[in-house]
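Structure, as structure tokens:
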Amino acid sequence: MKISTLLAAVALSAGLVAGGSAVANAETIYVGTYGTEAACRADGADAPAHPDWKWWECRQTPTGEWDLYYSTN
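When the letters of the sequence shown are read in order and numbered with my numbering, they come out as residues 1348 to 1420.
Next comes the structure, spelled out in structure tokens:
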């Protein structure tokens, strides 16, 4: 009985983790990569109007470029 309880708990935990990450990814929309932060911020500020997009963000990549993201969160 204890093994089946443990297996059920593991399955439930895995399902919660997988479900939570799927929701988080759906809320962030990758737009593009830019060579400079200024270019990324300029396009972020001029984002096309969409009722679901609440904010934008420029994130620096490991290679020094900048990725622009819109968020529905």
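Don't be surprised by glycine CBs; every beta carbon is placed ideally from N, CA and C.
Could you tell me which residues DSSP puts in a beta bridge with residue i?
{"i": "glutamate 1343", "result": "Residue 1343 is absent from the structure shown; the chain starts at 1348 and stops at 1420."}
{"i": "glycine 1379", "result": "Leu1415"}
Go ahead and pull the three-state DSSP assignment for residue i.
{"i": "glycine 1391", "result": "helix"}
{"i": "glutamate 1384", "result": "helix"}
Do you know how far the Cα of residue j is from the Cα of residue i?
{"i": "proline 1398", "j": "proline 1409", "result": "31 angstroms"}
{"i": "alanine 1394", "j": "glutamate 1404", "result": "11 angstroms"}
{"i": "tryptophan 1400", "j": "threonine 1383", "result": "23 angstroms"}
{"i": "alanine 1371", "j": "glycine 1391", "result": "Legend: pLDDT at alanine 1371 = 49, less than 50; position of this residue unreliable, no value from coordinates given."}
Exposed or buried, which one is residue i when buried takes at least 16 other CB atoms within 10 Å?
{"i": "arginine 1406", "result": "exposed"}
{"i": "tryptophan 1402", "result": "exposed"}
{"i": "tyrosine 1377", "result": "exposed"}
Please look up how many angstroms separate the CB atoms of residue i and residue j, rounded, as I've assumed it's under 8 angstroms.
{"i": "tryptophan 1413", "j": "threonine 1380", "result": "7 angstroms"}
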